[in-house]
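Data first, discussion second: the structure below is written as structure tokens.
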Amino acid sequence: MKIAFQNFVWYNYGQSMRAKRGFDMRSKVVKVILLITIASFCLFAYGFVSGVNDVLNPKASNLIKKTDVVAKEKKKTGTLQIVSLGDSLTRGVGDKEGIGYVGRMKEDLQKDYKQKIALTNLAVSGAKMPDLLKQIESNGAQYSIKQADVIVLTIGGNDLFPGWESLGKIDLDTYRPDTGTFQNEAKKIIEEIRKLNTDSPIFWLGLYNPFEDVEDLKGSSNIVVDWNASLEKLALNDKNVYITPTFDLFQNRGKDLLYSDHFHPNEVGYTYMAERLVQNVVSKLKLEQGGVK
1 MKIAFQNFVW YNYGQSMRAK RGFDMRSKVV KVILLITIAS FCLFAYGFVS GVNDVLNPKA
61 SNLIKKTDVV AKEKKKTGTL QIVSLGDSLT RGVGDKEGIG YVGRMKEDLQ KDYKQKIALT
121 NLAVSGAKMP DLLKQIESNG AQYSIKQADV IVLTIGGNDL FPGWESLGKI DLDTYRPDTG
181 TFQNEAKKII EEIRKLNTDS PIFWLGLYNP FEDVEDLKGS SNIVVDWNAS LEKLALNDKN
241 VYITPTFDLF QNRGKDLLYS DHFHPNEVGY TYMAERLVQN VVSKLKLEQG GVK
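Just so we're aligned, residue 1 is where the sequence shown starts under the UniProt record's numbering, counting upward by one.
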């Protein structure tokens, strides 16, 4: 009887323990499911909040750059927006046809490369570097520069040779241009353009020496060479600024390439300048005869 009772007790105890273990197992499963549910909800909530935050406060990497959009729109139209700045050389003074190197560049790109061109010439005869800096502050100039695919300019000749009509009276042994001021103003011009247009190429034409054949001004070539060297050095700070040299084009050719004022180019001189500039533009913009690559 006693043995039977003990067996009964042990049997019921075993049943109870198995039931308890089953309950513990179910409890653990429920806990795991609950934890997974909570984790999933947290991940969903984090993703939702992050998504809303990106919409309300987008990061730079999530945005399509405005310049990229503009570039695509310009490429779609197929028209190259060229803005020219500077002095009388860019204005075309001395050219009987009145178009200068800028107009000839436009014609060459349209004819030989089938490239549509929209040209805005903002150059002002007699302008010096401070004048150009002031012009860039104007609303009209700023709008044009912002829209430009290509920017071309000449400036510095009137700074280097102020009162060039009477240069024969200057003692070149003592005359020294203010190259320090030139470098600062040239740097400022590039900086101001870049504030408006960060990446379009700038083609800055270097200076030639119109006085090399004037006996009293033989030393002027060294001044121009130093001036151009300063400009070349400055351009190294911006990978999209290209100096287009013109000094060699006019060297020993003044009588054939200069206007009657012995300072500005004539039609032939401007043609040479345009051809040199077109070579540079075509190379940098990867144009080919017949259209854009």
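Every residue, glycine too, gets a C-beta built ideally from N, C-alpha and C.
On a predicted model such as this, the values are computed, not experimentally measured, just so you know.
Which of helix, strand or coil DSSP assigns to residue i
i, result
"Ser84", "strand"
"Val152", "strand"
"Ile117", "strand"
"Pro201", "coil"
"Ile99", "coil"
"Lys79", "Looking at the sequence itself, residue 79 is Thr, so the reference to Lys does not match. Note: Thr79 maps to strand in three-state DSSP."
"Lys218", "coil"
"Ser125", "coil"
"Pro177", "coil"
"Glu212", "coil"
"Phe182", "helix"
"Val93", "coil"
"Gly228", "Checking the sequence shown, residue 228 turns out to be Asn, not Gly. It is helical."
"Leu236", "coil"
"Phe161", "coil"
"Arg104", "helix"
"Ser283", "helix"
"Ser61", "Confidence at Ser61 is low in this model, with a pLDDT of 34, below 50, so its placement is unreliable and no value can be given for it."
"Asn252", "coil"
"Ser138", "coil"
"Thr271", "helix"
"Lys207", "The residue asked about is misnamed: residue 207 is Leu in this sequence, not Lys. The answer is coil: DSSP assigns Leu207 none of H, G, I, E or B."
Span separating the alpha-carbon of residue i from that of residue j
i, j, result
"Lys134", "Thr198", "19 Å"
"Ile202", "Glu288", "20 Å"
"Tyr175", "Asp112", "44 Å"
"Tyr143", "Lys195", "12 Å"
"Ser125", "Gly78", "31 Å"
"Met105", "Thr90", "11 Å"
"Phe250", "Asn209", "7 Å"
"Asn222", "Val278", "27 Å"
"Ile151", "Glu97", "23 Å"
"Val93", "His264", "7 Å"
"Gln81", "Leu119", "6 Å"
"Leu109", "Asn158", "29 Å"
"Lys116", "Asp149", "12 Å"
"Leu285", "Glu215", "42 Å"
"Gly180", "Val224", "14 Å"
"Asp226", "Lys233", "11 Å"
"Ala274", "Asp248", "14 Å"
"Leu132", "Gln147", "18 Å"
"Asp261", "Pro162", "15 Å"
"Lys128", "Asn280", "25 Å"
"Glu107", "Lys187", "31 Å"
"Ala141", "Ala123", "10 Å"
"Ser200", "Arg276", "19 Å"
"Ile136", "Asn252", "35 Å"
Expected contact under 8 Å - CB spacing of residue i and residue j to nearest Å
i, j, result
"Leu85", "Leu160", "No, Leu85 and Leu160 are not in contact; Cβ-Cβ is about 17 Å, not under 8 Å."
"Thr244", "Leu205", "5 Å"
"Tyr259", "Asn266", "5 Å"
"Phe182", "Gly219", "Not really, about 18 Å apart at Cβ, beyond 8 Å."
"Pro130", "Glu185", "7 Å"
"Asp238", "Ile190", "6 Å"
"Val83", "Ile145", "6 Å"
"Gly269", "Glu212", "No, Gly269 and Glu212 are not in contact; Cβ-Cβ is about 14 Å, not under 8 Å."
Exposure label - residue i; buried when at least 16 CB within 10 Å
i, result
"Asn139", "exposed"
"Ser283", "exposed"
"Ala229", "exposed"
"Thr246", "buried"
"Asp241", "Note on residue identity: the sequence assigns Val, not Asp, to residue 241. Buried is the call here."
"Asn121", "buried"
"Asp256", "exposed"
"Asp178", "exposed"
"Leu231", "buried"
"Asp95", "buried"
"Gly100", "buried"
"Asp87", "buried"
"Leu217", "buried"
DSSP bridge partner residues for residue i (one or two, in chain order)
i, result
"Pro265", "Leu258"
"Val241", "Ile202"
C-beta neighbour in chain D for residue i, strict 8 Å
i, result
"Ser88", "Judged by its chain identifiers, the structure shown contains no chain D, having just a single protein chain."
Contact test: residue i Cβ vs the ligand GTP heavy atom, cutoff 7 Å
i, result
"Gly254", "In terms of ligand content, the structure shown is empty, and the ligand GTP therefore cannot be addressed."
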